[in-house]
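Trainee: Numbering (the working numbering), first residue to last: 1 to 320.
Beta carbons: idealized from backbone N, C-alpha and C, even for Gly.
Since the model is a prediction, treat every value here as computed from it, not as a measurement.
Structure below; questions to follow.
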Amino acid sequence: MPTEISPEQQLSRAEIEQAINSGVERYFNDCRARVPAFIRRHFQYPGAIATNRVALGWDMLRAPVNLLWAPMYALASVLKALTRKRKGLGWLYSAAALVPAGFTTRVQQHISDLILIELLNDGKEGELLESYLLEALEALYARHTCEAADHRQFIRTIEPLVADALSQYRVTRTASADITNSISCTVLGAFAFQKFTPGGIGLGVVLASIVAKTLAARDFIFGETAGNWYYGLFPPEPSWTITAGVMLTVLSALAAFAALSGMIFDPVQASLGMHKRRLNKLLDHLERDVNRSTQSSFRPKDQFVARILDAFDLIRTGLL
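This is the structure:
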């Protein structure tokens with residue numbers, strides 16, 4: 001533990017570390033107790049509307065860029081995991097660490113601020129964990145009539161851990177939106193077109209075929225009715241121009257939908273316990289990192305699930 005102890009103090013390092021661990025444990029237990037109320041306020045109706053309403057505006061442009069950039073960030077995250085502490089590959093780890101997660105949307109930043117202010121600090125100014133540590137240390141020193149040790153270094157150590165954990169939580173918002181899009185495309189393709197469309201690309205291919213058939217039937221030599229019948233039996237192959245145009249339109253529409261989809265799917269995730277599991281996992285990793293003074297270990301798997309679905313979509317459409 002990064003706690004400084006002067007030689008004249010009579011307490012052992014083990015006693016001080018035990019007091020700090022006790023304060024940390026009480027702090028995170030209280031944070032976990034606030035999770036259900038936090039979810040009710042911000043991820044269930046009517047709070048979910050207020051939480052996601054901030055997406056109106058520039059987020060409608062940031063969301064498409066983030067969804068397109070997400071595979072690159074996922075690849076960089078895999079490279080970081082594979083090259084961490086590998087001799088001779090430090091340059092690759094450093095390069096992968098420089099890859100940004102994408103634009104921080106207003107919704108992502110809003111939720112991060114809510115977690116920091118309401119969940120981690122209980123609406124109070126300053127670092128709430130600091131008060132827990134002070135209380136535990138003061139109780140210890142009161143029994144030994146010693147002056148308190150400097151805990152500032154400990155607080156400075158955990159600040160970057162909290163910042164990195166919140167950054168990773170923001171990434172899950174993009175991944176959740178991508179997973180939501182994949183599920184929405186699958187449902188839409190099944191009910192509207194009786195096709196299996198596991199993503200925006202698959203849905204774009206189906207719609208491109210429909211557009212190509214409609215255009216070909218309109219120009220059929222024996223009229224549009226005969227053309228619909230003929231091309232129903234012998235579907236025309238859509239041109240690359242039509243396919244690219246339709247895919248771009250579909251992906252843009254999905255990205256715009258993703259920016260506001262939290263109004264619909266945050267309450268669904270809340271009812272399924274997904275938000276609770278995600279927030280508790282964030283707190284568990286933070287507590288572990290604080291106790292061990294290690295680097296941030298919070299790495300949600302949502303983005304990798306989203307990339308698997310994207311790969312399946314590409315394979316299904318023959319583009320991979």
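1) Does DSSP put P267 in a helix, in a strand, or in coil?
2) Mind reading off the beta-carbon distance from L283 to R32? Whole number of angstroms is fine, and I expect it under 8 Å.
3) In terms of alpha-carbon separation, which member of A212, L254, C185, W69 lies closest to E237?
4) Got a sec? Which residues, its chain only, sit under 6 Å from P7 by beta carbon, not counting five neighbours each side?
5) Determine the burial state of Y45: buried for a count of at least 16 other Cβ atoms within 10 Å of its Cβ, exposed for fewer.
6) Short check: CB of L254 to CB of G200, under 8 Å?
7) I'd like the list of long-range same chain contacts for M72, defined as Cβ closer than 8 Å, with 5 residues on each side in sequence excluded.
8) Closer than 8 Å by C-beta to V24: which residues in its own chain qualify, once you throw out the five before and the five after it? Chain order, please.
9) Sort S182, L137, W69, S261 by Cα distance to N21 and report the nearest one.
10) Of all the alpha helix (DSSP H) runs that stay within the bounds of the region 19-73, which reach a length of 4 or more residues?
11) In the structure shown, what three-state DSSP assignment does S261 receive?
12) Do A101 and R34 have their beta-carbon atoms positioned less than 8 Å apart in this structure?
13) Where does V99 fall in DSSP's three states?
Mentor: Looking at the atomic coordinates:
1) helix
2) 6 Å
3) A212
4) Any answer about P7 is weak, because its pLDDT of 40 lies below 50 and its placement is not dependable; what the coordinates show is given next. None.
5) In the assembly as shown, Y45 is an exposed residue. Its beta-carbon has fewer than 16 other beta-carbons within 10 Å.
6) A contact, by the Cβ cut-off of 8 Å.
7) Around M72, the same chain offers V99 as residues with beta carbons nearer than 8 Å, after the five sequence neighbours per side are excluded.
8) Taking V24 as the centre and dropping the five residues before and after it, the same chain places the C-beta of L129, Y132, L133, E287, V290, N291 closer than 8 Å to its C-beta, in chain order.
9) L137
10) Positions of the alpha helix (DSSP H) runs, each at least 4 residues long and wholly inside the region 19-73, are given as 47-53 in order along the chain.
11) coil
12) For the pair R34 and A101, the CB atoms are not nearer than the 8 Å cut-off.
13) coil
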